[in-house]
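**Student:** My structure is below; once you've seen it, I'll send some questions.
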Amino acid sequence: MFRSGMLLSIAASMLFALLASYAGFLAPLDGAEMFAWRVIWTLPGAFLLIAMQRDWKALITALHRLRGERRLWLAVPIATSLLSVQLWLFLWAPANGHMLDVSMGYFLLPISTVLAGRFFLGERLGPIQWVASLLALGGVVHEIWSTATFSWISAVIMLGYPPYFMLRRWLNMNAVVGFMIEIALMLPVAAGILLHATGDGPVLPAHSPWLLLPGLGIVSAAAMGCYMASSQTLPLGIFGMLGFIEPVLLFLVAVLFFDEKITVSALLTYGPIWAGVLLVLLHAALPKLPTQRFRSIWTS
Numbered sequence: 011m012f013r014s015g016m017l018l019s020i021a022a023s024m025l026f027a028l029l030a031s032y033a034g035f036l037a038p039l040d041g042a043e044m045f046a047w048r049v050i051w052t053l054p055g056a057f058l059l060i061a062m063q064r065d066w067k068a069l070i071t072a073l074h075r076l077r078g079e080r081r082l083w084l085a086v087p088i089a090t091s092l093l094s095v096q097l098w099l100f101l102w103a104p105a106n107g108h109m110l111d112v113s114m115g116y117f118l119l120p121i122s123t124v125l126a127g128r129f130f131l132g133e134r135l136g137p138i139q140w141v142a143s144l145l146a147l148g149g150v151v152h153e154i155w156s157t158a159t160f161s162w163i164s165a166v167i168m169l170g171y172p173p174y175f176m177l178r179r180w181l182n183m184n185a186v187v188g189f190m191i192e193i194a195l196m197l198p199v200a201a202g203i204l205l206h207a208t209g210d211g212p213v214l215p216a217h218s219p220w221l222l223l224p225g226l227g228i229v230s231a232a233a234m235g236c237y238m239a240s241s242q243t244l245p246l247g248i249f250g251m252l253g254f255i256e257p258v259l260l261f262l263v264a265v266l267f268f269d270e271k272i273t274v275s276a277l278l279t280y281g282p283i284w285a286g287v288l289l290v291l292l293h294a295a296l297p298k299l300p301t302q303r304f305r306s307i308w309t310s
């Protein structure tokens, strides 16, 4: 179960890295319109995932709970509101020249998630996990110092996701089913954005919309499905540390495919983060090692 949660987190990071580059192909849509189309096409994408996994029982159970448990009438809309802000910001901020603020928010998110797990859920970190967290924190502190960037956008990302993760755990609902219900609740807002975008009706991308928009929904549904399943499977501290994989992947994509240069400043940011993530991954692989004495050093 633990390893499957880690694999889901890594898959989610890879899909989010793909999603971040997807927005460039959706011109002339602005961030709000991209959010609206993402919601509309993510709903069938999430339904497709449920169909592929044959999770009809989980869907029926969730619908019965929504009808019978009044506490969910408040909790689910709150979770939907928290998530909708993040989905909108993920597309709106880069489209409005705030990519650096978004990047900083996602650098800080794993730290806030680890802290939420420690202080709100009582999760205990082992020695190796503390070392990994401190290494990653060192990289984040250097990034803040070198860019001198911390805005309300970074704060919303950093502080908005941990309450959502904890609320979703409390709801105890299938990850993909819960996500699909939240997306369904966002539909009226998405439809309103598109209907009022122009006087002529909904706006479409300038080229190949029926190929691009469904792809946006499928990638988004798969990414969030993996992300939520991982968040409900792993301890929140480990889940938070694995969140550093996404900015690392984005950095590698920029270097390998977009000719970005590796600077000393980038190495001082990403080097400690890489080291921290590798420690977490190595710690998870320890049960496969043959020597119990060696394992005890790491797990004590």
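Counting from 11, one number per residue, gives the positions in the sequence shown under the numbering used here.
Ideal placement from N, C-alpha and C gives every residue a C-beta, glycine not left out.
1) Specify, as a first and last residue, the run of the alpha helix (DSSP H) that Met183 falls within.
2) Check Glu79 in the structure and name its three-state DSSP category.
3) Spatial neighbours of Ala194 within its chain, please: CB distance less than 8 Å, with the 5 preceding and 5 following residues excluded, ordered by chain position.
4) For Leu131, tell me which candidate among Met176, Leu59, Pro104 and Thr71 has the shortest Cα-Cα distance.
5) Within a Cβ cutoff of 6 Å, which residues of the same chain sit near Thr301, ignoring the five residues on either side of it in sequence?
6) Looking at the structure shown, is Arg207 part of a helix, part of a strand, or coil, going by DSSP?
7) Please specify which runs of the alpha helix (DSSP H), each continuous and at least 4 residues long, are wholly inside the stretch 230-295, giving them in chain order.
8) Below 8 Å CB to CB, which residues in the same chain sit around Leu76 once its five sequence neighbours on both sides are set aside?
9) Here's the rule I'm using: 16 or more other beta-carbon atoms within 10 Å means buried, otherwise exposed. How should Glu153 be labelled?
10) Name the residue from Phe129, Leu252 and Ile70 whose alpha carbon lies nearest to the alpha carbon of Met183.
11) With H, G and I counted as helix, E and B as strand and the rest as coil, what does DSSP make of Glu153?
12) Using a Cβ-Cβ cutoff of less than 8 Å, which residues in the same chain neighbour Leu197 once the five nearest sequence positions on both sides are dropped?
13) Quick one, which of Ala126, Leu205 and Leu147 has its alpha-carbon nearest Leu281's?
14) Going by beta carbon distance, what residues of the same chain come within less than 7 Å of Gln242, once the five residues before and after it are set aside?
15) Of all the options Leu277, Leu252, Arg13 and Met24, which has the alpha carbon lying nearest to the alpha carbon of Tyr156?
16) So Trp26 and Glu256 are in contact, right, with Cβ under 8 Å, and what is the actual spacing, rounded?
17) Comparing alpha-carbon positions, which option in Leu289, Leu226, Ile228 and Ser230 lies nearest Phe254?
18) Suppose the cutoff is 7 Å on Cβ atoms and the five residues either side in sequence are ignored; what does the same chain contact list for Asp65 look like?
19) Just how far apart, CA to CA, sit Leu181 and Arg128?
20) Enumerate in chain order the residues of its own chain whose CB-to-CB distance from Phe249 is below 7 Å, with the five nearest sequence positions on each side excluded.
21) Let me check understanding here. Comparing Cα to Cα, which of Pro137, Leu17 and Trp47 lies closest to Gly202?
22) Can you tell me the Cβ-Cβ gap for Val95 and Gly170, rounded? I've got them flagged as a contact below 8 Å.
23) Once the 5 residues before and after Gly227 are set aside, which same chain residues still bring their CB inside 6 Å of it?
24) Taking the alpha-carbon of Tyr116 as reference, which of His206, Leu246, Phe160 and Leu17 has the nearest alpha-carbon?
25) Just the Cα atoms here: how many angstroms apart are Gly107 and Ile163?
26) In three-state DSSP terms, what is Trp162?
27) Tell me which residues share the same chain as Ile283 and place their Cβ nearer than 6 Å to its Cβ, disregarding the 5 neighbours each side in the sequence.
28) Is DSSP giving Pro54 helix, strand or coil here?
29) Please classify Val112: is it buried, with 16 or more other beta-carbons within 10 angstroms of its beta-carbon, or exposed?
30) Which residue wins for smallest C-alpha separation from Gly247, given the options Val274, Met44, Leu204 and Leu144?
31) Under a three-way DSSP split, which group does Gly107 fall into?
**Tutor:** In short, the structure shows the following:
1) Note, Met183: premise wrong, no alpha helix (DSSP H); not H, not E.
2) coil
3) Once the five neighbours on either side are set aside, the close Cβ partners of Ala194 are Leu53.
4) Met176
5) Per-residue confidence for Thr301 stands at a pLDDT of 46, beneath the threshold of 50, marking its modelled position as unreliable; the derived number appears in the next sentence. Closer than 6 Å at the Cβ level, and outside the excluded window around Thr301, lies no residue.
6) Just to set this straight, residue 207 is Ala in the shown sequence, not Arg. Ala207 falls in the coil class under three-state DSSP.
7) 246-252, 255-267 and 274-295, all fully within the stretch 230-295.
8) Leu82, Trp83, Val86 and Ile191
9) Taking a 10 Å sphere around the C-beta of Glu153, we find 16 or more other C-beta atoms and assign the residue as buried.
10) Ile70
11) It is helical.
12) Around Leu197: Val49, Ile50 and Leu53.
13) The amino acid at residue 281 is misidentified as Leu; the sequence shows Gly. Of the listed residues, the one whose Cα sits closest to Gly281 is Leu147.
14) Arg178, Arg179 and Ala185
15) It should be pointed out that residue 156 corresponds to Ser in this sequence rather than to Tyr. The shortest C-alpha separation from Ser156 is found at Leu277.
16) In the sequence under discussion, the amino acid at residue 26 is Phe, which differs from the Trp named in the question. Rounded, the Cβ-Cβ distance is 5 Å, consistent with contact.
17) Leu289
18) Asn184, Val186 and Val187
19) So the two alpha carbons sit approximately 20 Å from each other.
20) Sequence-distant Cβ neighbours of Phe249 in its own chain, meaning closer than 7 Å and more than five residues away, are Ser19, Thr123, Ser240 and Ser241.
21) Considering only alpha carbons, the answer is Trp47.
22) Between Gly170 and Val95 the Cβ distance is about 6 Å, and since that is below 8 Å, they are a contact.
23) Trp51, Thr52 and Gly55.
24) Phe160
25) 12 Å
26) Helix at Trp162.
27) Excluding its 5 nearest sequence neighbours in each direction, Ile283 has C-beta neighbours in its own chain below 6 Å: Ala146, Gly149 and Phe254, listed in chain order.
28) Assigned with DSSP and collapsed to three states, Pro54 falls in helix.
29) buried
30) Leu144
31) coil
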